[in-house]
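In our numbering, the protein residues as written are 4 to 99.
And the structure:
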């Protein structure tokens, strides 16, 4: 199960996020999302746990718990929506 974790402290890294969830079972991956321009955390991340029961227990027990002074939000991640290649349907007069 893919888990979305938000409201993370900006100084939490991938290994600390993984360690937090390892207490509930096997963690395949843990990734804090980093802003590509500033190099700083965006304050959210994703954790992948192969066992759905362990993942659900982690969600239930970690949601709204205080981690480094912030109440984290923990939910099952929703599938990513595909982005359209359209620029709003506005023709800017460009010709091919």
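We put the beta carbon where it would ideally sit given N, CA and C, even for glycine.
This structure is a prediction, so every number in the text was calculated from the model and none was measured.
- Comparing alpha-carbon positions, the option among 35, 18, 30 lying closest to residue 8 turns out to be 35.
- Judged by DSSP secondary structure, residue 47 falls within the beta strand (DSSP E) whose first and last residues are 44-51.
- As computed with DSSP, residue 73 is found in a beta bridge with 70.
- Of the other Cβ atoms in all chains shown, fewer than 16 fall within 10 Å of the Cβ of residue 13; this residue is therefore exposed.
- DSSP places residue 63 inside the alpha helix (DSSP H), whose first and last residues are 55-65.
- For residue 84, the secondary structure class from DSSP, reduced to helix, strand or coil, is coil.
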